[in-house]
């Protein structure tokens, strides 16, 4: 039986990476990331997105600047860009689809 929470977590992580890759070179606030994630998971919360952003930060894929007003500003690291652009292998924990294009 499929672990739906694991599938959701790993898919959200991939969506975060893609969103931040598209936001380059500026980066984006977590609210923008949440809006993108909610297009797939309408019940996604700020807490859920922050949890996955924190996971990606621990893997050195994302940088997070926690603003004094409580908002998080996010950007990809060099390694995060490489993962989003399929130039390096991805370790388990992120549901990056197989590359089907050149």
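Residue numbers (this note's numbering): 387 to 488.
All C-beta atoms in this analysis are idealised placements derived from N, C-alpha and C, irrespective of residue type, glycine included.
Exercise for the section: Out of 467, 481, 486, 388, point me to the one whose CA is closest to residue 438's CA. Expected result: Residue mapping note: residue 438 aligns to position 52 of the chain shown, counting from 1. Measuring from the Cα of residue 438, the nearest candidate turns out to be 481.
Handout entry: Per-residue DSSP class, three states only, for residue 425
Key = Numbered from its first residue, the chain shown carries residue 425 at position 39. The answer is helix: DSSP assigns residue 425 an H, G or I state.
Practice task
Measure how close the beta-carbons of residue 465 and residue 446 come, nearest whole angstrom, since I'm counting them as under 8 Å.
Solution key: If you number the chain shown from 1, residue 465 lands on position 79. If you number the chain shown from 1, residue 446 lands on position 60. Going by Cβ atoms, the distance from residue 465 to residue 446 rounds to 6 Å, so yes, they are a contact pair.
Problem - Status (buried if at least 16 other CB within 10 Å, exposed otherwise) for residue 398 - result: In the chain shown, residue 398 corresponds to position 12, counting from 1. Around the beta carbon of residue 398, 16 or more other beta carbons lie within 10 angstroms, which makes this residue buried.
Exercise for the section: Could you please give me the residues that DSSP links to residue 450 through a beta bridge? Expected result: Looking up residue 450 in the chain shown gives position 64. The beta-bridge partner set that DSSP reports for residue 450 consists of 460.
Problem - Assigned secondary structure, residue 415 (DSSP; H/G/I helix, E/B strand, else coil) - result: The residue given as residue 415 occupies position 29 in the chain shown. In this structure, residue 415 counts as strand in the three-state DSSP scheme.
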